[in-house]
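One structure below.
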Amino acid sequence: MQETMIDTQVTYRVEHAGKLYVIEHVPARVCQETGEEYFAPETVEHIQSIIAGHARPVRVIETPVYDYA
Numbered sequence: 013m014q015e016t017m018i019d020t021q022v023t024y025r026v027e028h029a030g031k032l033y034v035i036e037h038v039p040a041r042v043c044q045e046t047g048e049e050y051f052a053p054e055t056v057e058h059i060q061s062i063i064a065g066h067a068r069p070v071r072v073i074e075t076p077v078y079d080y081a
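Residue numbers (the working numbering): 13 to 81.
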């Protein structure tokens with residue numbers, strides 16, 4: 013059976029407390045067949061600490077929001 017998982021870096025997006033957070037260069041294992049992303053527990057903890065600690069962002073982007081209706 014061929015391994016379909018690769019180690020790479022992804023851009024992680026999450027909404028928390030009404031704000032959208034984008035974290036770039038997050039280490040992940042990604043399934044080449046499905047695109048599913050898997051994160052180590054310490055990676056998830058680090059993402060949570062970035063958001064909870066209100067770390068200074070490297071840049072700020074403006075994002076349009078649309079209503080599907």
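For glycine and all other residues, C-beta sits at the position ideal for the given N, C-alpha and C. Quick caveat: nothing in here was measured; it's all calculated off a predicted structure.
Beta-carbon gap between residue i and residue j smaller than 8 angstroms
i, j, result
"Thr55", "Val38", "yes"
"Tyr50", "Ala40", "yes"
"Leu75", "Val42", "First, the residue type needs correcting, since residue 75 is Thr and not Leu in the sequence shown. Taking 8 angstroms as the Cβ cut-off, Thr75 and Val42 do not qualify as a contacting pair."
"Ile59", "Tyr24", "yes"
Interface flag, residue i vs chain C, CB-CB below 8 angstroms
i, result
"Thr75", "Considering every chain present, this structure includes no chain C. It has just one protein chain."
Given residue i as reference, the closest of the options once Cα atoms are compared
i, options, result
"Ile63", "Asp19, Glu36, Gln14", "Glu36"
"Thr46", "Thr16, Glu27, Thr20, Ala52", "Thr16"
Spatial distance of residue i from residue j (CA atoms)
i, j, result
"Glu27", "Ile18", "26 angstroms"
"Arg68", "Lys31", "15 angstroms"
"Ala52", "Ser61", "14 angstroms"
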